[in-house]
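There are 2 protein chains.
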Amino acid sequence: MSIDTLNWKILKCLQQNARMSNAEIGRRVGITSPAVSERIKKMEDSGVIQGYTTFVSPFEAGYQLKALITLRAFMGMLKPFLEKVKTYDEVVNCYRITGNENIVMEVVLKNQKHLEAFIDQLITYGETKTQIVLSHVIKYSEVKPPLK
Amino acid sequence: MSIDTLNWKILKCLQQNARMSNAEIGRRVGITSPAVSERIKKMEDSGVIQGYTTFVSPFEAGYQLKALITLRAFMGMLKPFLEKVKTYDEVVNCYRITGNENIVMEVVLKNQKHLEAFIDQLITYGETKTQIVLSHVIKYSEVKPPLK
DNA sequence: AGTGAAAGTGATATACG
DNA sequence: CGTATATCACTTTCACT
Numbered sequence: 001m002s003i004d005t006l007n008w009k010i011l012k013c014l015q016q017n018a019r020m021s022n023a024e025i026g027r028r029v030g031i032t033s034p035a036v037s038e039r040i041k042k043m044e045d046s047g048v049i050q051g052y053t054t055f056v057s058p059f060e061a062g063y064q065l066k067a068l069i070t071l072r073a074f075m076g077m078l079k080p081f082l083e084k085v086k087t088y089d090e091v092v093n094c095y096r097i098t099g100n101e102n103i104v105m106e107v108v109l110k111n112q113k114h115l116e117a118f119i120d121q122l123i124t125y126g127e128t129k130t131q132i133v134l135s136h137v138i139k140y141s142e143v144k145p146p147l148k
Numbered sequence: 001m002s003i004d005t006l007n008w009k010i011l012k013c014l015q016q017n018a019r020m021s022n023a024e025i026g027r028r029v030g031i032t033s034p035a036v037s038e039r040i041k042k043m044e045d046s047g048v049i050q051g052y053t054t055f056v057s058p059f060e061a062g063y064q065l066k067a068l069i070t071l072r073a074f075m076g077m078l079k080p081f082l083e084k085v086k087t088y089d090e091v092v093n094c095y096r097i098t099g100n101e102n103i104v105m106e107v108v109l110k111n112q113k114h115l116e117a118f119i120d121q122l123i124t125y126g127e128t129k130t131q132i133v134l135s136h137v138i139k140y141s142e143v144k145p146p147l148k
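These protein sequence lines map, in sequence, to chains A and B. Quick note on UniProt numbering: the first sequence kicks off at 1 and runs consecutively. Quick note on UniProt numbering: the second sequence kicks off at 1 and runs consecutively.
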């Protein structure tokens, strides 16, 4: 499915505020709300739109620390880890990557003690490298139409 | 602000589907829709809720590649970079981190040529390390209440 | 802080350019 | 693929608890 100009405008609205009403989107992009509704439904069905979510401040939620933890899995431990990682509440994001390391995780933690305990859980799966997040320079920027 | 059990239930709904109606949330958590509305407003005002967004599939949008690019900024180049990075459409996320490197970016790219061109733009700011994302093991998992 | 009811607004289905 | 209309659902406000 290719995304036309009108759908990109709708996606811009939805990425900025997923709770914007179809009527409001319609006003901004110049069509009626049933038309907006139909276009959104098609984008959901075709997989262009993968869902709608809410940013909850980890800090306000009681997590004082954010970190990126890289894992270089031991022989035969990658698969078990890929199952195990789904059970960690601390992991908000996890990628498999190319290169010397196999995994990068974005984790939220209450404090240093919590970080230490979390890393201890990983040592059976591989070697870890931890980078503390100091600030979030760009927060989940919109996906924009690629320049041709 | 501390988050009570009811608000955590509301946040769970909103994180799973930001476009869920207040009425539907009310049915699930056991209060009326005006009460849901009021609680959500307070969480928005206090910063617990930082916004609502839509996941647009980068692949469907025309980006075939996702990568994590780490930057080790040259002397005096970190500040200029922090300004410049905001202008890159390819960067969907950017963190300042501790350690040998200063910056990690999550970027979406059309193809290898695009990746090459993008990295070339960075060489004035510092040394880069690129890790191609193979798969997204955990996608923006919910923030959950930390176990006490 | 939550409920219940009234008024306004939005969503959805259908008929039709 | 879009609009227009009608019906139904949802949001918002407010008096009350």
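Backbone N, C-alpha and C fix where the C-beta goes; we use that ideal spot for every residue, glycine too.
Candidates the options: closest to residue i by CA position
{"i": "A:Gly-51", "options": "B:Val-107, B:Phe-55, B:Ser-2, B:Gly-51", "result": "B:Phe-55"}
{"i": "B:Asp-120", "options": "B:Val-137, B:Asn-93, B:Tyr-88, B:Leu-6", "result": "B:Tyr-88"}
{"i": "A:Ile-69", "options": "A:Ile-40, A:Val-107, A:Ala-23, A:Asp-45", "result": "A:Val-107"}
{"i": "B:Gly-126", "options": "B:Phe-74, B:Ile-25, B:Val-36", "result": "B:Phe-74"}
{"i": "A:Gln-64", "options": "A:Leu-122, A:Cys-94, A:Lys-110, A:Met-77", "result": "A:Lys-110"}
{"i": "A:Arg-72", "options": "A:Val-48, A:Ile-40, A:Asn-102", "result": "A:Asn-102"}
{"i": "B:Ile-3", "options": "A:Val-92, A:Ala-61, A:Gln-112", "result": "A:Ala-61"}
{"i": "B:Met-1", "options": "A:Ser-57, A:Asp-45, A:Ile-40", "result": "A:Ser-57"}
{"i": "B:Ser-135", "options": "A:Thr-98, A:Phe-118, A:Thr-124", "result": "A:Thr-98"}
{"i": "B:Leu-82", "options": "A:Ile-138, A:Met-20, A:Arg-19", "result": "A:Ile-138"}
{"i": "A:Leu-147", "options": "B:Val-133, B:His-114, B:Lys-148, B:Thr-128", "result": "B:His-114"}
{"i": "residue 196 of chain A", "options": "A:Lys-41, A:Glu-116, A:Asn-17, A:Phe-118", "result": "No answer is possible for residue 196 of chain A: the residues shown for chain A start at 1 and end at 148."}
{"i": "A:Gly-76", "options": "A:Thr-124, A:Ile-40, A:Arg-39", "result": "A:Thr-124"}
{"i": "B:Lys-144", "options": "A:Phe-59, A:Asn-100, A:Glu-116, A:Ala-117", "result": "A:Phe-59"}
{"i": "A:Lys-41", "options": "B:Glu-116, B:Asn-100, B:Arg-19", "result": "B:Arg-19"}
Boundaries of the beta strand (DSSP E) in which residue i is found, first to last residue
{"i": "B:Asn-93", "result": "91–97"}
{"i": "B:Ala-18", "result": "Premise fails: B:Ala-18 is in no beta strand (DSSP E) and is neither H nor E."}
{"i": "B:Glu-127", "result": "126–138"}
{"i": "A:Met-105", "result": "103–109"}
{"i": "B:Phe-55", "result": "49–56"}
{"i": "A:Ala-73", "result": "65–73"}
Close Cβ partners of residue i (< 8 Å) along its chain, the five nearest in sequence each way excluded
{"i": "A:Tyr-140", "result": "Phe-55"}
{"i": "B:Val-29", "result": "Leu-6, Lys-9, Ile-10, Cys-13, Val-36"}
{"i": "A:Val-85", "result": "Val-91, Cys-94, Ile-103, Met-105"}
{"i": "B:Gln-112", "result": "Leu-65"}
{"i": "A:Pro-80", "result": "Tyr-125"}
{"i": "A:Glu-116", "result": "none"}
Unbroken alpha helix (DSSP H) run spanning residue i, endpoints
{"i": "B:Gln-121", "result": "112–122"}
{"i": "A:Lys-79", "result": "78–84"}
{"i": "A:Ala-61", "result": "Neither: A:Ala-61 is in no alpha helix (DSSP H) and is coded neither H nor E."}
{"i": "A:Ile-3", "result": "Note, A:Ile-3: premise wrong, no alpha helix (DSSP H); not H, not E."}
{"i": "A:Pro-34", "result": "33–46"}
Beta-carbon contacts of residue i that lie in its chain and below 6 Å, excluding the five residues immediately before and after
{"i": "A:Thr-130", "result": "Ala-67, Ile-69"}
{"i": "B:Glu-142", "result": "Gln-15"}
{"i": "A:Leu-122", "result": "Thr-128"}
{"i": "A:Leu-78", "result": "Asn-102"}
{"i": "A:Ile-31", "result": "none"}
{"i": "B:Glu-38", "result": "none"}
Own chain, CB closer than 7 Å to residue i, minus 5 neighbours either side, in chain order
{"i": "A:Arg-96", "result": "Asn-102, Ile-103"}
{"i": "A:Ser-33", "result": "Asn-22, Ala-23, Gly-26"}
{"i": "B:Val-133", "result": "Lys-66, Ala-67, Leu-68"}
{"i": "A:Phe-118", "result": "Glu-90, Val-107, Leu-109"}
{"i": "A:Met-43", "result": "Asn-7, Ile-49"}
{"i": "B:Ser-46", "result": "Met-1"}
{"i": "A:Asn-100", "result": "Arg-72"}
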